[in-house]
């Protein structure tokens with residue numbers, strides 16, 4: 001009724017999905033007030049429900065969800081959910097302490113400085129095939145390690161961790177590629193993918209090149225925004241903690257962390273870039289476009305030479321289970 005997603009039952013007077021139920025409950029219990037950056041008529045559907053909290057709450061009330069039903073059903077929770085300590089540290093949607101706390105957690109989770117895994121990128125406009133594949137492996141490994149280093153990510157069930165990374169690894173890869181200014185010339189990419197020696201038809205090669213161009217465009221658009229490290233960390237958290245991931249055991253904590261990441265980014269941009277009022281919107285609008293980049297194409301471009309036909313999902317699970325002992329088939333960073 002609110003966003004059009006599959007209903008999980010009747011919540012607070014209306015049939016809604018788990019995400020809208022959790023959003024409404026948090027908004028009422030914490031007496032949160034939101035502002036709309038547009039005309040207070042933002043579309044609220046599965047793809048846009050997280051973009052405007054004001055209009056989402058307005059839609060919840062419009063379809064018949066009742067504030068008093070939340071208050072009546074309020075109960076003390078004894079089980080700690082992922083990231084719950086963040087909720088208990090004052091109001092996370094307001095104040096400088098939230099910025100220095102939440103964003104600092106995301107920044108400290110980065111396993112390597114950008115200059116370290118991206119140094120080769122900055123030294124040369126065109127990289128060799130082996131260097132491209134090695135850097136790609138480092139970027140993917142860095143994305144998984146970053147997620148593991150976020151204090152509340154390991155609190156999720158392993159199956160949920162795998163579901164989140166299976167859904168978003170390609171988005172995290174694109175963000176890391178943009179952050180380290182990865183060179184993306186077509187010729188070495190085609191060589192890395194082995195298409196020159198491939199029996200693939202000319203039409204399929206052309207289609208594959210179109211996918212490469214989409215990947216290039218998304219990276220270049222992010223680079224053009226001159227995104228800083230704090231913004232990249234927030235964008236990666238918004239991507240990672242998606243309630244759209246298949247098979248999650250509990251959508252509420254995931255959506256809560258995604259909303260916190262979005263609020264942190266908005267407040268950070270407002271404080272750091274006061275002369276760029278449209279910056280937050282421009283950053284957020286890049287997120288849906290990341291899913292346009294084909295995950296199978298990224299696999300074919302960068303990982304076939306390293307892991308053959310091993311699915312990326314298998315590697316993700318292995319990395320989550322291995323702690324710090326996972327070894328890629330390339331020389332590790334010194």
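Residue numbers (full-length UniProt numbering): 1 to 334.
Note that beta-carbon positions come from the ideal geometry of N, C-alpha and C, so glycine has one too.
The model shown is predicted, which means the values in this text are computed figures rather than measured ones.
### Query
With a Cβ-Cβ cutoff of 8 Å, do residue 25 and residue 44 count as a contact?
Stepping through the chain shown from its first residue, residue 25 is reached at position 25. Stepping through the chain shown from its first residue, residue 44 is reached at position 44. Going by C-beta atoms, residue 25 is not nearer than 8 Å to residue 44.
### Query
If you draw a straight line from the alpha carbon of residue 80 to that of residue 131, how long is it in whole angstroms?
Translated into positions along the chain shown, residue 80 becomes position 80. Translated into positions along the chain shown, residue 131 becomes position 131. For residue 80, the pLDDT reaches just 47, beneath the cut-off of 50, and the residue's location in the model is therefore unreliable, leaving the point undetermined.
### Task
Flag this pair as yes or no: are the beta carbons of residue 174 and residue 216 separated by less than 8 Å?
Working through the chain shown from its first residue, we reach residue 174 at position 174. Working through the chain shown from its first residue, we reach residue 216 at position 216. No; because the gap between Cβ atoms is not below 8 Å, this pair is not in contact.
### Message
Can you tell me where the beta strand (DSSP E) holding residue 47 begins and where it ends?
### Response
For the purposes of this step, residue 47 is taken as the residue at position 47 of the chain shown. Note, residue 47: premise wrong, no beta strand (DSSP E); not H, not E.
### Reference residue 250, options 2, 12, 13 and 19, closest by Cα
Counting from one through the chain shown, the residue named residue 250 turns up at place 250. Measuring from the Cα of residue 250, the nearest candidate turns out to be 19.
### Task
Kindly indicate which three-state DSSP category residue 9 falls into: helix, strand or coil?
Along the chain shown, one-based indexing puts residue 9 at 9. Residue state, collapsed to three classes: strand.
### Query
First and last residue of the alpha helix (DSSP H) that includes residue 280?
Here residue 280 is taken as the residue at index 280 of the chain shown, counted from 1. Per DSSP, residue 280 belongs to the alpha helix (DSSP H) from 279-290.
### Same chain, Cβ closer than 7 Å to residue 56, five either side skipped, listed in chain order
As a first step, residue 56 is located in the chain shown; it is residue number 56 there, counting from the start. Only 23, 44 and 49 meet the Cβ criterion.
### Message
Contact between the stretch 299-310 and the stretch 152-169 is defined here as three or more beta-carbon pairs at a separation below 8 Å; is this criterion met?
### Response
no
### Message
Output needed for residue 139: all residues of its chain with C-beta closer than 8 Å, excluding positions within five of it in sequence on either side, in chain order.
### Response
Here residue 139 refers to the residue found at position 139 when the chain shown is read from its first residue. Answer for residue 139: 117, 173, 176, 177, 180 and 182, listed in chain order.
#### Entry: Nearest-angstrom Cα separation, counted from residue 282 out to residue 253
Here the question's residue 253 lines up with position 253 in the chain shown. Here the question's residue 282 lines up with position 282 in the chain shown. Here the alpha carbons of residue 282 and residue 253 stand approximately 26 Å from one another.
### Task
For residue 222, count neighbouring C-beta atoms within 10 Å of its own C-beta (all shown protein chains included) and say buried if the count is 16 or more, exposed if not.
As a first step, residue 222 must be located in the chain shown, where it is residue number 222. Result: buried.
### Query
Would you call the stretch 31-45 and the stretch 63-71 in contact, with 3 or more CB pairs under 8 Å?
The answer is no - the stretch 63-71 does not touch the stretch 31-45, with fewer than three Cβ pairs under 8 Å.
### Task
Tell me whether residue 156 sits in a helix, a strand or coil according to DSSP, three-state version.
Here residue 156 refers to the residue found at position 156 of the chain shown. DSSP places residue 156 in coil when its eight states are reduced to three.
### Query
What residues in its chain sit with their C-beta under 7 Å from that of residue 14, if we drop five residues either side in the sequence?
Start at 1 with the first residue of the chain shown, and residue 14 comes out as number 14. These residues qualify, in order along the chain: 1, 63, 64 and 65.
### Message
According to DSSP, simplified to helix, strand and coil, what is residue 14?
### Response
By 1-based counting over the chain shown, the position of residue 14 is 14. Reduced to three states, the DSSP call for residue 14 is strand.
### Task
For residue 74, collect the residues of the same chain with a Cβ closer than 6 Å to its Cβ; drop the 5 residues on either side in sequence, then sort them by chain order.
Here residue 74 is taken as the residue at index 74 of the chain shown, counted from 1. Residue placement at residue 74 cannot be trusted, given a pLDDT of 45 that sits under 50; the coordinates are not used to answer.
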